[in-house]
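Residues 749 to 927 in the numbering used here are what the sequence shown lists, from first letter to last. Backbone N, C-alpha and C fix where the C-beta goes; we use that ideal spot for every residue, glycine too. Below is one structure; the comments refer to it alone.
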Amino acid sequence: GFTGKRVLRSLEYDAIIDQRNGELPPDFNKVAFVMCVGSRCEEYPLCSSVCCSYTLREIKWTLQRSNPEITVFYNDLRFFGQEFHLERFYRNAGVRFVRANSRYFDEDEEGVTLRYFSGGGLKEERFNYVVLAVALRPNPLIASLSKLFGFTLNEYGFVKEKEPLTTDVEGIYVCGGAL
749 GFTGKRVLRS
759 LEYDAIIDQR
769 NGELPPDFNK
779 VAFVMCVGSR
789 CEEYPLCSSV
799 CCSYTLREIK
809 WTLQRSNPEI
819 TVFYNDLRFF
829 GQEFHLERFY
839 RNAGVRFVRA
849 NSRYFDEDEE
859 GVTLRYFSGG
869 GLKEERFNYV
879 VLAVALRPNP
889 LIASLSKLFG
899 FTLNEYGFVK
909 EKEPLTTDVE
919 GIYVCGGAL
């Protein structure tokens, strides 16, 4: 597993910053968001197409509750519509966006050491919390449904579309995270 007390998946982080949960941790000073965890790599080259958007919203929710130093580590950014403006707004507000590869983190009781390759060299920084934008993968039950109903899956285990939202079996349609 990826996570611990200070290395969190997005949904775990949401529980911390939820306004209904009272006070934030006292050491909520420096937060890193790490994009494309488990994707955009040789083993799994796909982009989930939602992590960049979701991370922007987490930054918004964070800044509504606190003012920590925020850094976003990414392979590349994929925004839609108004998100281009949000990203520029956050950059201008002091959020750092760092294009980085080969990220490694080491967690201890006080924080997380993050090592990454950027700008031609290996760098290291400390953060209080690291939030992982973990890639979407197909639900393992899709393979069972594929066998039951006879539709085809692509090489990554998602439903293969014949036409938009249509499988290769007459009358079987698909949408959402199955694609």
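Hey, residue i and residue j are a contact pair by Cβ (cut 8 angstroms); roughly how many whole angstroms apart?
i, j, result
"Val878", "Arg788", "Their Cβ separation, rounded to whole angstroms, is 18 angstroms, which puts Val878 and Arg788 out of contact at 8 angstroms."
"Val846", "Val820", "7 angstroms"
"Val785", "Leu880", "5 angstroms"
Per DSSP, which residues does residue i bridge with? Please list them.
i, result
"Asn849", "Phe865"
"Lys753", "DSSP output for Lys753 lists no bridge partner at all."
"Tyr822", "Arg847"
"Leu870", "Phe865"
"Glu855", "Val860"
"Leu880", "Arg757 and Val782"
For residue i, which residues of its own chain have a beta-carbon under 7 angstroms away from its beta-carbon, when the five flanking residues on both sides are left out?
i, result
"Val907", "Ile890, Phe899, Leu901, Thr915, Val922, Ala926 and Leu927"
"Cys795", "Ser787, Arg788 and Arg826"
Excluding the five sequence neighbours on either side, which residues of its own chain have a C-beta within less than 6 angstroms of the C-beta of residue i, listed in chain order?
i, result
"Ser814", "Leu772 and Phe776"
"Asn823", "Cys784 and Arg788"
"Arg844", "Thr819"
"Lys910", "Asp916"
Excluding the five sequence neighbours on either side, which residues of its own chain have a C-beta within less than 8 angstroms of the C-beta of residue i, listed in chain order?
i, result
"Thr810", "Ile765, Val779, Pro816 and Ile818"
"Tyr802", "Ser758 and Ala881"
"Phe828", "Ser801"
"Glu806", "Ser758, Tyr761, Asp762, Ile765, Phe781 and Val879"
Does any CB atom of chain C fall closer than 9 angstroms to the CB of residue i?
i, result
"Leu825", "The displayed structure is made up of one protein chain only, and chain C is not part of it."
State whether the region 823 to 836 contacts the region 856 to 863, with contact taken as three or more CB pairs (one from each stretch) at a distance under 8 angstroms. Contact between the region 823 to 836 and the region 856 to 863 is not established, with fewer than three Cβ pairs separated by less than 8 angstroms.
For a minimum of 4 consecutive residues, which ranges assigned as the alpha helix (DSSP H) are wholly contained in the region 883 to 913? 889 to 897
Please give me, in chain order, every unbroken run of the alpha helix (DSSP H) with length at least 4 that falls completely inside the region 768 to 840. 799 to 813 and 831 to 840
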